[in-house]
Structures are given as C-alpha cells and as structure tokens.
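Undergrad: Sequential numbering from 3 applies to the sequence shown in our numbering. Note that the Cβ used here is the ideal one computed from N, Cα and C, for glycine as well. Structure incoming, see below.
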Amino acid sequence: TARISEINFFISFTSLNPIYFTLFGNPYCTLSLIISIFIYLCKSERTLLYLKNYTIFFVFIGVLVYFLLNKKFSFSLWTVTAFFPFYKKKFRFLFILMYLIVFYEAVLAEETSRTNIVTLGICSVALTCYYFNVSKKIIYLLCYGMIIIPIAYFIITLIDPTFSVIELIMESVSNNVDETMDTTDTRTFLFVEMIEDLNKNKAWLWGKGARSGYFSFYFQNSTSGLGDHWYRITSEVSALHYLLRGGIVFCVFHYGLIVHAVHKALMYGRNKFAQTIAILASGWIFISCFSFLHGFSIVIVGFYILLGCCLSEKWLNKT
C-alpha cells in the first residue's frame, strides 16, 4: 500500500509539473550540471575495475553495431585510452579495430568528423607518451598548452565574435584540400547567438538555470532540414552550454576542477595511469571549447570517474 501511494504521488506530482521531466530527466539539464559528482566513485577500486571491464563490452557492442547494422556508435575513446596498457592482448586487438573505425569515420568517410579527428589525435598522443617515456617537461607543456590556448580562444571569441580563429584555420586548410571536405565554420555563429541572448537577459554571471534555453536566429531561418528548433536547450559547444546554464561562476568552478585535477596528476602523480588521464583531461578541455562534450551518458560518466583518480591521494601515490 505504501509503495502504491508513493507511485500515485509521483504520477500526480509529475502530471501537475511536467517541466520536472525536462529538469531532472533531460541529459542536458540538471544531470549535465551534477555529473562531476561521479568523481567520488574512484575511491573504490571495484568501481575502476567495473569501468575497465564494462568498456570491453561497450566497444564489442559498438563494433558489432557498426559492421552488422552499418550504424555509427559512440565509442568510449577516453576510457579505452586510459586503460589500454592494462588490457590483455586479445582485447587490445578489439580496441585497435575500434581506433581504425573511428579513424575511417573521422577522415575517410563521406561525412567526416573534425571533433573525432582531434579526439583521436589526443588519444594517440596520450598512448605515445605512455609507451615512449616522453619527458615530463614536454607533457607539462602539452597539457597546459591544451588548457590555456582553447580557453584563451573561447574568451577572445566571446569578446569579439567577428574574429573567428576557426574560420581562419578552415580557410587555410580549404586552399589545400578538395572542396568537398567540410571546411565550414559551424561554431562562430553559436557564440554570436549566445552572446546576444546572455546580454539580453543579463545572465553572464549566474547563467539562466538548469532548464534554460536560448533563441537561435540561424535555426529559425534555416532551410537545411536539420530539424533544429529556434528555441535551443543546449549548444554544440560545451563551454557555451555551461555558460548558458550557470554563467561565468559555474564555468570557473567546473573547469577549475578539471585544471586542478590535471595539475595534481602532473605534480604529484607517481604512475603513468594518472599521467595519461591528465593528458586526456587537458584534451577534454581543449575540445569542449569548440565542440560537444556534455550531457549525461556512460561515456561522460566514465571520464569523470577517471578524473577522480587525479584528485585522489590513493591513486596518485600508487607506483
């Protein structure tokens, strides 16, 4: 009877307040803001083992889906790369196949993915540093470079969105490649629209809340058939998403946490596992300043569990 009353209460509560389905159920609302709490799961070694073993299953299913159904799958590149040296050889062949699939989809397929190209590059660098004993000084420069450069780009673009670094890069690339390659700047207009919306609502400091959205003039007048609504609940740039949700305050604390984890791993980490995660976390910041790395999914949860290892004295002190 108590259970039935609880269910009835929940149904009546959500029926009277349908917005709570979006607020607490949509992966780009509240869940995207609290996902960093999964950092604490790293305290248990069993959690890391579960994540390591789950990744095998995840990649296996992904490869099957790709070959049998000819559909793309969101591979967990971040966790695979962090655990790669600790898998048995038979599983490494599976992961190498996964890397090849991602490379093909990123570079050789008809619809290429610039984000996957960068992600694959960061993962390759992380594994190279692990296996070839790259100097710590180089790793420091690499990590801090991947943190400082994109954050500087993000701030400069917010101040002056007419100056598009991405457009300059794409124009230089397009002069040397086939015209069919996707070299269009699909990011700067997102900055422009977000700036206009935050200015209009005076929401720079604290953002517009967990269930907020913004008006998009581009998608209101788009005839591309993408199906995007003019009122957008998220942005394809993660840093803009966090700026919309929690403003400058949330961005400072969120990215400050990742930067702090990277710093601790580089300064106090006694093992290559923490070093590899530091490189991946720096790359995470790099990509999130111009592409999509937010929401609530097992891929992102896995990243934050790994990030916790860089904040845990237990994992940093392991040899």
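Going by DSSP in three states, R272 sits in which element: helix, strand or coil?
TA: By one-based count along the sequence shown, residue 272 stands at place 270. Three-state result, R272: coil.
Undergrad: Let me make sure I understand the geometry here. Which of H265, F294 and N319 has the alpha-carbon closest to that of K139?
TA: Here residue 139 corresponds to residue number 137 of the sequence shown, with the count starting at 1. That would be H265, whose Cα lies nearest to the Cα of K139.
Undergrad: What's the gap between the Cα of I67 and the Cα of V82?
TA: The residue you call residue 67 lines up with position 65 of the sequence shown. The residue you call residue 82 lines up with position 80 of the sequence shown. The sequence shown places Val at residue 67, not Ile. In a straight line, the C-alpha of V67 is about 18 Å away from that of V82.
Undergrad: What are the partner residues of Y233, as DSSP defines its beta bridges?
TA: Here residue 233 corresponds to residue number 231 of the sequence shown, with the count starting at 1. DSSP, once it has assigned bridges, lists F217 as partnering Y233.
Undergrad: Would you kindly work out how many angstroms separate the C-alpha atoms of T236 and F193, rounded to a whole number?
TA: Numbered from 1 along the sequence shown, position 234 holds the residue referred to as residue 236. Numbered from 1 along the sequence shown, position 191 holds the residue referred to as residue 193. When rounded, the distance between both Cα atoms is 12 Å.
Undergrad: Let me check understanding here. Comparing Cα to Cα, which of K92, F62 and N72 lies closest to L79?
TA: Counting from 1 along the sequence shown, the entry for residue 79 is found at position 77. It is F62.
Undergrad: Between which two residues does the alpha helix (DSSP H) containing N55 stretch?
TA: Reading the sequence shown from its first residue, position 53 is the one you call residue 55. Per DSSP, N55 belongs to the alpha helix (DSSP H) from E47 to L71.
Undergrad: With DSSP collapsed to three states, give me the class of M183.
TA: By one-based count along the sequence shown, residue 183 stands at place 181. Below a pLDDT of 50, predicted positions are generally treated as unreliable, and M183, at 47, falls in that range; no measurement from the model is reported.
Undergrad: If I follow the unbroken alpha helix (DSSP H) through S126, where does it start and stop?
TA: Stepping through the sequence shown from its first residue, residue 126 is reached at position 124. Run containing S126: R116 to Y133, per the alpha helix (DSSP H) assignment.
Undergrad: For I119 and Y101, I'd like the C-alpha separation in whole angstroms.
TA: Indexing the sequence shown from 1 puts residue 119 at position 117. Indexing the sequence shown from 1 puts residue 101 at position 99. Using only the alpha carbons, I get a separation of about 11 Å.
Undergrad: Figure out for me which residue from T321, G297 and V303 has the closest Cα to the Cα of P29.
TA: Taking the first residue of the sequence shown as position 1, residue 29 is located at position 27. Here the closest residue by C-alpha is G297.
Undergrad: What whole-angstrom Cβ distance do Y216 and D199 have, given they're in contact under 8 Å?
TA: By 1-based counting over the sequence shown, the position of residue 216 is 214. By 1-based counting over the sequence shown, the position of residue 199 is 197. Y216 to D199, Cβ: 4 Å. Contact.
Undergrad: Return the CA-CA distance between L71 and I103, expressed in angstroms with no decimal places.
TA: Position 69 of the sequence shown, counted from the first residue, corresponds to residue 71. Position 101 of the sequence shown, counted from the first residue, corresponds to residue 103. Rounded to the nearest angstrom, the two C-alpha atoms are 14 Å apart.
Undergrad: With contact counted as at least three CB pairs below 8 Å, one residue from each stretch, are the stretch 132–152 and the stretch 277–289 in contact?
TA: The answer is yes - the stretch 277–289 touches the stretch 132–152, with three or more Cβ pairs under 8 Å.
Undergrad: Measure from the alpha carbon of E2 to the alpha carbon of each residue in E238, L143, S126 and L43, then state which is nearest.
TA: Lying before the first or after the last residue shown, residue 2 is absent from the chain, which here runs from 3 to 321.
Undergrad: Would a C-beta distance cut-off of 9 Å place C125 and L282 closer than the cut-off?
TA: Against the sequence shown, residue 125 aligns to sequence position 123. Against the sequence shown, residue 282 aligns to sequence position 280. Yes.
Undergrad: Tell me which same chain residues have a C-beta within less than 7 Å of the C-beta of K91, skipping the five on either side of it?
TA: Indexing the sequence shown from 1 puts residue 91 at position 89. Nothing listed; no residue qualifies.
Undergrad: Quick check on G227: does DSSP put it in helix, strand or coil?
TA: By 1-based counting over the sequence shown, the position of residue 227 is 225. Confidence at G227 is low in this model, with a pLDDT of 49, below 50, so the placement of that residue is unreliable and no value is reported for it.
Undergrad: What number of angstroms, rounded off, separates the C-alpha of F255 from the C-alpha of W208?
TA: Translated into positions along the sequence shown, residue 255 becomes position 253. Translated into positions along the sequence shown, residue 208 becomes position 206. One C-alpha to the other measures close to 12 Å.
Undergrad: Taking C-alpha atoms, which residue in S293, S218, V301 and A212 lies nearest to Y233?
TA: In the sequence shown, the residue the question calls residue 233 occupies position 231. Of the candidates S293, S218, V301 and A212, the one whose C-alpha sits nearest the C-alpha of Y233 is S218.
Undergrad: Compute the beta-carbon to beta-carbon distance between A108 and L96, rounded to the nearest angstrom, for a pair I have assumed lies under 8 Å.
TA: One-based indexing of the sequence shown puts residue 108 at position 106. One-based indexing of the sequence shown puts residue 96 at position 94. A108 to L96, Cβ: 19 Å. No contact.
Undergrad: Quick check: the Cα distance between I98 and Q222, rounded to an integer number of angstroms?
TA: The count along the sequence shown starts at 1 and reaches residue 98 at position 96. The count along the sequence shown starts at 1 and reaches residue 222 at position 220. About 42 Å.
Undergrad: Once you ignore the five residues that flank Y270 on each side, which residues in its own chain have a CB closer than 6 Å to its CB?
TA: Sequence index remark: in the sequence shown, residue 270 carries index 268 (1-based). These residues qualify, in order along the chain: L318.
Undergrad: Just verifying my parser: in three-state terms, what is the DSSP assignment at K74?
TA: Within the sequence shown, the letter at position 72 stands for residue 74. Reduced to three states, the DSSP call for K74 is coil.
Undergrad: List the whole-angstrom C-beta distance separating L25 from A205, where the pair is believed to meet the contact cut-off of C-beta under 8 Å.
TA: What you label residue 25 is simply residue 23 of the sequence shown in a count that begins at 1. What you label residue 205 is simply residue 203 of the sequence shown in a count that begins at 1. Wrong, their Cβ atoms sit about 17 Å apart, outside the cutoff.
Undergrad: Output the distance between the C-alpha atoms of L313 and L53, rounded to the nearest integer angstrom.
TA: Working through the sequence shown from its first residue, we reach residue 313 at position 311. Working through the sequence shown from its first residue, we reach residue 53 at position 51. Roughly 18 Å between the two C-alpha positions.
Undergrad: Would you identify the three-state DSSP class for N319, choosing helix, strand or coil?
TA: Position 317 of the sequence shown, counted from the start, is the residue given in the question as residue 319. Of the three classes helix, strand and coil, the one that applies to N319 here is coil, per DSSP.
Undergrad: Assign M183 to buried or exposed, taking buried as 16 or more other Cβ atoms, counted over all protein chains shown, within 10 Å of its Cβ.
TA: Looking up residue 183 in the sequence shown gives position 181. Interpretation of M183 is limited by its pLDDT of 47, a score under 50 that renders its predicted location unreliable; no figure is taken from the coordinates.
Undergrad: My understanding is that V127 touches L144, with C-beta atoms under 8 Å, so please give their C-beta distance in whole angstroms.
TA: What you label residue 127 is simply residue 125 of the sequence shown in a count that begins at 1. What you label residue 144 is simply residue 142 of the sequence shown in a count that begins at 1. Indeed, because the Cβ distance is near 7 Å, the residues count as touching under 8 Å.
Undergrad: Taking 9 Å as the threshold (C-beta atoms), are R116 and S293 in contact?
TA: The residue given as residue 293 occupies position 291 in the sequence shown. The residue given as residue 116 occupies position 114 in the sequence shown. Taking 9 Å as the Cβ cut-off, S293 and R116 qualify as a contacting pair.
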